[in-house]
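Residue numbers for the sequence shown follow the UniProt record's numbering, so the first one is 1 and each next one is one higher.
Below you'll find the structure, written out as structure tokens, and then a few comments.
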Amino acid sequence: MTYLLGKASVENFDEWKSAFDGFEDFRTDHGQQGYQVFQSVDDPHEAVVLFEWADGEDPRAFFASEEMQERLEEAGVKGQPELTELEFIEQKSTQHPSA
């Protein structure tokens, strides 16, 4: 599985999120297998998404496609999103006993 971290400045987070949700089938058809959405605490106009992408698919090429560029613009993304491909190493959760 490929992981892609996308970070973008958006005009309005709620409107962007609505458009993002509406494009899910389009992303899934091109290899998306899951995602987590975050909003910056410091900047409410910053959206961050950690995508899970199918092996053998190129998420960077997908985001660079003309059709996806049009959808990003339609969703209110300002400029080009910052995209970073990640390699999963480890996940750990620490639970603290209740006080």
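We put the beta carbon where it would ideally sit given N, CA and C, even for glycine.
Using only CA atoms, which one of SER93, GLN32 and LYS92 lies nearest to ALA61? As a working mapping, residue 61 is identified with position 61 in the sequence shown. That would be GLN32, whose Cα lies nearest to the Cα of ALA61.
So within the UniProt domain "ABM" (1–88), which uninterrupted beta strand (DSSP E) runs reach at least 3 residues, ignoring any that extend past its ends? Listed in chain order, the complete beta strand (DSSP E) runs (minimum 3 residues) inside the UniProt domain "ABM" (1–88) are 2–10, 32–39, 46–53 and 77–86.
Looking only at its own chain, which residues have a Cβ that is under 6 Å from the Cβ of GLN36, when we skip the five neighbours before and after it? For this step, residue 36 is matched to residue 36 along the sequence shown. Within its own chain, the residues whose Cβ lies closer than 6 Å to the Cβ of GLN36, once the five positions on either side in sequence are excluded, are LEU50, listed in chain order.
Assess contact between the segment 37–47 and the segment 83–97, defined as three or more Cβ pairs (one per stretch) separated by less than 8 Å. Is contact present? The answer is no - the segment 83–97 does not touch the segment 37–47, with fewer than three Cβ pairs under 8 Å.
Give me the Cβ distance between GLU57 and HIS30, rounded to the nearest whole Å; I'm assuming they're in contact under 8 Å. Position 57 of the sequence shown holds residue 57. Position 30 of the sequence shown holds residue 30. So it is a contact: roughly 7 Å between Cβ atoms.
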